[in-house]
Amino acid sequence: MKRTKLAARYAKALFEFAKERNEVEEISKDILLIDDTFDNNPELRFTFNSPIVHSDKKAAILRDLFESRVSEPSFRYLMLILRKGRELQLDTICSEYVKIYKASKNIVTLDVFTAQPMDDAAREKIKAKVAGGTNANIELVEHLSPELIGGIVIKYNDYMMDASILNSLNKLKRELTDNTYQVSF
Numbered sequence: 103m104k105r106t107k108l109a110a111r112y113a114k115a116l117f118e119f120a121k122e123r124n125e126v127e128e129i130s131k132d133i134l135l136i137d138d139t140f141d142n143n144p145e146l147r148f149t150f151n152s153p154i155v156h157s158d159k160k161a162a163i164l165r166d167l168f169e170s171r172v173s174e175p176s177f178r179y180l181m182l183i184l185r186k187g188r189e190l191q192l193d194t195i196c197s198e199y200v201k202i203y204k205a206s207k208n209i210v211t212l213d214v215f216t217a218q219p220m221d222d223a224a225r226e227k228i229k230a231k232v233a234g235g236t237n238a239n240i241e242l243v244e245h246l247s248p249e250l251i252g253g254i255v256i257k258y259n260d261y262m263m264d265a266s267i268l269n270s271l272n273k274l275k276r277e278l279t280d281n282t283y284q285v286s287f
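Counting with my numbering, you get residues 103 to 287 for the letters of the sequence shown.
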C-alpha cells in the first residue's frame with residue numbers, strides 16, 4: 103500500500119512536469135521503453151533491487167541503457183529516482199505513470215483471453231461493444247489461454263466477463279456436486 107502511494111506521487115509529479123513542458127507523449131514513450139526494458143530483463147531488475155549493488159554502478163547501467171535512448175527530462179528523472187533511493191519502486195512508478203497517462207487520454211485497456219487467436223472482425227466487434235458502453239478509446243490486449251478450451255474472458259478496469267467453456271464446466275461441476283438439497287422420503 104505504501105509502495106503504491108509513493109509510486110503514484112512520483113508518477114503524478116512526472117506527469118505534471120511533462121504537461122508543463124508539453125512533452126507528455128515523448129515522456130510517456132520513454133516511460134514505456136523503461137518499463138519494457140525492466141520487464142523483459144529479470145537480471146536487470148534483480149541488479150536494481152539488490153542492496154549489494156552500489157548506486158554508482160546502477161547509475162552507470164542507467165547511462166549505458168537509457169541516456170541516448172530517452173529524452174533528457176526522462177533520463178534526469180531516472181537519475182533522481184536513483185539518487186532518492188527509490189529504484190525498488192521503479193516498476194510501480196512506471197505502471198502508475200501509464201495509468202495516469204491513459205486516464206488523461208481516456209484510454210481503457212481491454213484484456214481479452216481466448217483459447218485460439220481471434221480474427222480482426224471479432225477484435226473490432228469487441229472493441230466497438232466496450233467503446234459504446236464506456237465512451238473511451240479502447241486498447242485491446244489479446245492473451246492466448248488454451249486452458250479456457252473455448253469462449254472468451256474479458257477484463258477491463260474492475261469489470262470481468264467470463265464466457266469460457268472452462269468456466270461453464272466448473273459451474274456445472276459445482277451444481278452437480280452441491281449437496282445442499284437432499285430428497286427425504
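Note that the Cβ used here is the ideal one computed from N, Cα and C, for glycine as well.
Note that the coordinates shown come from a computational prediction; the quantities given were computed from them, not determined experimentally.
Contacts around residue i, its chain only, beta-carbon distance under 6 Å, and the 5 residues preceding and following it disregarded
i      : result
Ile209 : Asn239, Glu241
Ala109 : Gln191, Thr194, Ile195, Glu198
Asp264 : Val255
Ser266 : Leu250, Gly253, Val255
Leu164 : Leu180
Lys229 : Ile240, Leu242
9 Å Cβ cutoff met for residue i and residue j
i      : j      : result
Glu125 : Pro175 : yes
Thr211 : Tyr258 : yes
Ile195 : Leu246 : no
Thr139 : Leu167 : yes
Arg225 : Val232 : no
Tyr112 : Arg178 : no
Contacts around residue i, its chain only, beta-carbon distance under 7 Å, and the 5 residues preceding and following it disregarded
i      : result
Ser157 : Leu184
Leu268 : Glu249, Leu250, Ile251
Ala161 : Met181, Leu184
Thr236 : Val210
Residues bridged to residue i [DSSP beta-bridge criterion]
i      : result
Asn239 : Ile209
Opening and closing residue of the alpha helix (DSSP H) in which residue i lies
i      : result
Met181 : 174-185
Ile129 : 126-142
Asp163 : A small fix is needed here, since residue 163 is Ile in this sequence, not Asp. That run of the alpha helix (DSSP H) goes 157-168.
Ile254 : No alpha helix (DSSP H) contains Ile254, which is instead part of the beta strand (DSSP E) from 253-258.
Own chain, CB closer than 8 Å to residue i, minus 5 neighbours either side, in chain order
i      : result
Asp260 : none
Ser130 : Ala120, Tyr199, Val200, Tyr203
Pro219 : Glu244, Leu246
Segment limits, beta strand (DSSP E) that includes residue i
i      : result
Ser266 : 261-266
query: Hey, is the stretch 152-163 in contact with the stretch 104-123, meaning 3+ C-beta pairs nearer than 8 Å?
result: no
task: Examine the Cβ distances between the stretch 161-171 and the stretch 110-129 and report whether three or more of them are shorter than 8 Å.
output: no
message: Any contact between the stretch 193-207 and the stretch 128-142? By contact I mean 3 or more CB pairs, one from each, below 8 Å.
response: yes
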